[in-house]
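Student: The structure follows.
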Amino acid sequence: MDRKRFFIYIFLLGCFIFICNPLLAEDEVAGKDNKISLDEWIEKAEKHMLNGEDEKALFCFQQVLLLDSKNLSANIFMGNYYYVEVERARKGIEVERAKGKTASEKYKKYQEALTDLWPAYVKAKAYLEVVLHQFPSSEVIKTLNHIEEIYQVIQ
Numbered sequence: 002m003d004r005k006r007f008f009i010y011i012f013l014l015g016c017f018i019f020i021c022n023p024l025l026a027e028d029e030v031a032g033k034d035n036k037i038s039l040d041e042w043i044e045k046a047e048k049h050m051l052n053g054e055d056e057k058a059l060f061c062f063q064q065v066l067l068l069d070s071k072n073l074s075a076n077i078f079m080g081n082y083y084y085v086e087v088e089r090a091r092k093g094i095e096v097e098r099a100k101g102k103t104a105s106e107k108y109k110k111y112q113e114a115l116t117d118l119w120p121a122y123v124k125a126k127a128y129l130e131v132v133l134h135q136f137p138s139s140e141v142i143k144t145l146n147h148i149e150e151i152y153q154v155i156q
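With our numbering applied, the sequence shown has no gaps in its numbers, which climb one by one up to 156 at the end.
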């Protein structure tokens, strides 16, 4: 990973940690004046999920996490959402990888593309680790192991 990407990665990780800071849920930033309760945000998010409106559900679950950073359903959705989105992008990269000229050229391009996707994997990993601490799950462990395998490819 080159220096520029490393600093971008660190910056994004810092932003993510700041946004998901549990202290934000206790001060006025997150919602003493908020008119929508936690349960209402969860209800809205679940409605959007059932209707297939993932972007709207994502926004609602982000609001839930601002109010309760350890909310299990929100962390499950957010972790799975980011993981599935980045896996779709990775599958597209693998298709493009098959079009390269030499094996080393293909692998280098693949590795560079995965490096670009790494911040999304970090987001998914962070949410899924919160889920794992609250609710041990073999599927979450498998997903986290897969993310670690991707990290090994990048290295």
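Backbone N, C-alpha and C fix where the C-beta goes; we use that ideal spot for every residue, glycine too. Quick caveat, the model's predicted, so the values are computed rather than measured.
Would you say Tyr82 and Thr144 are within 8 Å of each other, going by their C-beta atoms?
Tutor: no
Student: Which residue wins for smallest C-alpha separation from Leu73, given the options Gln135, Glu140, Ile148 and Asn146?
Tutor: Gln135
Student: What separation, rounded to the nearest whole angstrom, lies between the Cα atoms of Glu54 and Glu47?
Tutor: 10 Å
Student: Is the separation between the beta-carbon of Gln112 and that of Ile151 shorter than 8 Å?
Tutor: The answer is no: Cβ separation not under 8 Å.
Student: Suppose you measure from the CA of Gln153 to the CA of Lys126; what does that come to, to the nearest Å?
Tutor: Gln153 and Lys126: Cα-Cα distance of roughly 15 Å.
Student: So for Pro137, helix, strand or coil by DSSP?
Tutor: coil
Student: At what residues does the alpha helix (DSSP H) containing Ile80 begin and finish?
Tutor: For the sequence presented, residue 80 should be read as Gly rather than Ile. From DSSP, the alpha helix (DSSP H) with Gly80 extends over Leu73 to Arg98.
Student: Indicate whether the contact test is met: 3 or more Cβ pairs, each with one atom in the stretch 36-47 and one in the stretch 91-106, closer than 8 Å.
Tutor: A contact between stretches requires three or more CB pairs, one per stretch, nearer than 8 Å, and the stretch 36-47 fails this requirement with the stretch 91-106.
Student: Would Lys57 and His49 be called neighbours here (beta carbons separated by less than 8 Å)?
Tutor: yes
Student: Cβ of Tyr122 within 8 Å of Cβ of Ile148?
Tutor: yes
Student: Here's the rule I'm using: 16 or more other beta-carbon atoms within 10 Å means buried, otherwise exposed. How should Glu29 be labelled?
Tutor: The predicted model places Glu29 with a pLDDT of 42, which falls under 50 and marks its position as unreliable, so this point remains unresolved.
Student: Would you kindly report the start and end of the unbroken alpha helix (DSSP H) that includes Ile43?
Tutor: Counting along the chain, the alpha helix (DSSP H) containing Ile43 begins and ends at Leu39 to Leu51.
Student: I need the DSSP call for Asp69, collapsed to helix, strand or coil.
Tutor: coil
Student: Residues in the same chain with beta-carbon distance under 8 Å from Cys61, minus the five sequence neighbours each way, listed in chain order, please.
Tutor: Trp42, Ile43, Lys45, Ala46 and His49, listed in sequence order.
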